[in-house]
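Read in order, the letters of the sequence shown are residues 6 to 84 in the working numbering.
Ideal placement from N, C-alpha and C gives every residue a C-beta, glycine not left out.
Below is one structure, written out as structure tokens, with a few remarks after it.
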Amino acid sequence: MYKKGLIGTIIVIIIALVVLGYFGFNIKDIFNSPTVQANLNSAWNFVVMVWNNYLSGPVLYVWNILWNLFKTGMNSLHS
Numbered sequence: 006m007y008k009k010g011l012i013g014t015i016i017v018i019i020i021a022l023v024v025l026g027y028f029g030f031n032i033k034d035i036f037n038s039p040t041v042q043a044n045l046n047s048a049w050n051f052v053v054m055v056w057n058n059y060l061s062g063p064v065l066y067v068w069n070i071l072w073n074l075f076k077t078g079m080n081s082l083h084s
């Protein structure tokens, strides 16, 4: 099975940026365009809505359990 690590991902991103630059694409202009900004804003609003309505409760519940277990373990080390 092929596993791509952090270094491989960084290299792929750099190569993609070089190729885009070679063909005349300016990433800064692309991200600053009103259409892309509107799309990114919509995507961010969707992520926030999913977090607030579906994920925050379960994630924070599990986090609190893990945090309390950690604190209990740390307190037992100091006793």
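Kindly list the residues whose CB is nearer than 6 angstroms to the CB of methionine 6, restricted to its own chain and excluding five residues on each side of it in sequence; keep chain order. With a pLDDT of only 47 at methionine 6, under the threshold of 50, the placement of this residue in the model should not be trusted, and no figure is reported.
Methionine 6 in three-state terms, based on DSSP: Reliability of the predicted coordinates at methionine 6 is poor, the pLDDT of 47 falling under 50, and the value obtained from them is presented with this limitation in mind. It is coil, neither helix nor strand.
First through last residue of the alpha helix (DSSP H) which encompasses serine 38: In the DSSP assignment, serine 38 falls outside any alpha helix (DSSP H) and carries neither an H nor an E.
With the cut-off set at 8 angstroms, would you say leucine 25 and isoleucine 18 are in Cβ contact? Their beta carbons are not under 8 angstroms apart, which means leucine 25 does not touch isoleucine 18 by this criterion.
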